[in-house]
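Note that the working numbering has the sequence shown beginning at 15, numbered continuously upward.
Glycine included, each C-beta is placed from N, C-alpha and C at the ideal position.
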Amino acid sequence: MLLPLLRRMFTNLPPPRLLPVDISSPVHSPQLEDNVWSTNGTSGNTHAPATLRLVTWNVDFMARDSRGRVSCILDHLQKTVLTASADVSAASSSCILLQELDADSFDELLTHTWVREHYTVMPPNRESWGSYYGVATLVSRNIRANNAHMAQFTNSIMGRTALFVDVEMTLPDSEETRVVRIANTHLESLPMGESNRPVQLQIIADKLREEGVTGGGLVGGDMNMIGPADQDIHVRAGLQDACDDPCAFTWGFQPPTEFPAGRLDRVFYVGDQLEVAPVEVIGKGLKVEGGGWASDHYGLMTTITLRSHPA
Numbered sequence: 015m016l017l018p019l020l021r022r023m024f025t026n027l028p029p030p031r032l033l034p035v036d037i038s039s040p041v042h043s044p045q046l047e048d049n050v051w052s053t054n055g056t057s058g059n060t061h062a063p064a065t066l067r068l069v070t071w072n073v074d075f076m077a078r079d080s081r082g083r084v085s086c087i088l089d090h091l092q093k094t095v096l097t098a099s100a101d102v103s104a105a106s107s108s109c110i111l112l113q114e115l116d117a118d119s120f121d122e123l124l125t126h127t128w129v130r131e132h133y134t135v136m137p138p139n140r141e142s143w144g145s146y147y148g149v150a151t152l153v154s155r156n157i158r159a160n161n162a163h164m165a166q167f168t169n170s171i172m173g174r175t176a177l178f179v180d181v182e183m184t185l186p187d188s189e190e191t192r193v194v195r196i197a198n199t200h201l202e203s204l205p206m207g208e209s210n211r212p213v214q215l216q217i218i219a220d221k222l223r224e225e226g227v228t229g230g231g232l233v234g235g236d237m238n239m240i241g242p243a244d245q246d247i248h249v250r251a252g253l254q255d256a257c258d259d260p261c262a263f264t265w266g267f268q269p270p271t272e273f274p275a276g277r278l279d280r281v282f283y284v285g286d287q288l289e290v291a292p293v294e295v296i297g298k299g300l301k302v303e304g305g306g307w308a309s310d311h312y313g314l315m316t317t318i319t320l321r322s323h324p325a
């Protein structure tokens, strides 16, 4: 606990504004034609999975028809990505990290049938975003999830945040469980945000190491690592990159731009008990019915397990 405090003292890291976030689940109301959302947290038949599939995707709030594009992305995840796994347990236990949702795409998320049937959603509304766009995390309803909270970066001029949630996972061939903390973020954009990004990522890394996070932690999202100075910000924060392919670009092709393609989206992790498979790039060429790109970003997918014996 002392290390994060000392780091802030000597690097002037501004403390984030921390907000508790409800974990909302859909419940059926016989008085209503559609399901409604409650914010009583996960309950009922939940468990601690041994394997967890994780997806991160920047869904692009700037292009037209954000509602239709997010629906396309969710359909793709449902029908192609998360059901294609040979590991049934991984396919049924998943976590989806979305960035750049706006009011329309967030509403689409909450009304999407697959989401309503299978996921809890954090946050349940847009009040904790701090801007007109933000992030949302979906966790399979059968997973024990708690302690969701949002960090609003006080050094951000773009309203950027990090959303955290703790999930329980089971050690291999054991009934013992550990708490894994999952963060969803969109770091500061553009060259002007170069000095902000390492500060924001360090804040996230410190929270992934907090007492009580017994199984390790990881963060996925759009890290906006666009320049040479960005390429080691995770190393400086003591995080490992879940990608072993330097050409696993996630931005710059949909459509092609004057700027070089890059690995803007990443999954970083910490903890010697956490095993994170190399990420897979997903969503290449995905288009909506009218022919437009579903997003200007590709997504990333990985699989998380715990080690019986720490590395």
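- By alpha-carbon distance to Asp244, the top candidate from Arg211, Ser107, Leu288 is Arg211.
- Distance from Leu314 to Thr264 at the Cβ level is roughly 7 Å; contact confirmed, criterion being Cβ atoms closer than 8 Å.
- The distance from the Cβ of Val233 to that of Thr199 is about 6 Å, consistent with a contact at the 8 Å cut-off.
- Per the coordinates, the alpha-carbon of Asn139 lies some 29 Å from the alpha-carbon of Gly304.
- The DSSP-derived three-state label of Cys261 is coil.
- Counting every other CB atom within 10 Å of its CB across the protein chains shown gives Tyr312 a total of 16 or more, marking it as buried.
- Its Cα nearest to that of Arg67, the residue Leu152 stands out among Leu152, Asn169, Leu124, Ile218.
- By the CB criterion at 7 Å, Ala159 and Val179 fall inside the cutoff.
- The Cβ atoms of Val73 and Ser322 do not sit closer than 7 Å to each other.
- Residue ranges of uninterrupted beta strand (DSSP E) with 3 or more members, entirely inside the segment 68–134 and ordered along the chain, are 108–115.
- When secondary structure is reduced to three states using DSSP, Arg211 falls in the helix class.
- In the DSSP assignment, Arg250 falls within the unbroken alpha helix (DSSP H) covering 247–250.
- Annotation for Ala162: the continuous beta strand (DSSP E) segment containing it runs 159–166.
- Taking the CA atoms as reference points, Glu190 sits about 24 Å from Ile37.
- In the structure shown, the three-state DSSP call for Pro270 is strand.
- In this structure, Ala64 and Pro186 form a Cβ contact; the two beta carbons are roughly 6 Å apart against a cut-off of 8 Å.
- Beta bridge pairing from DSSP links Trp307 with Lys301.
- Using a Cβ distance threshold of 7 Å, Ile196 and Cys109 count as a contacting pair.
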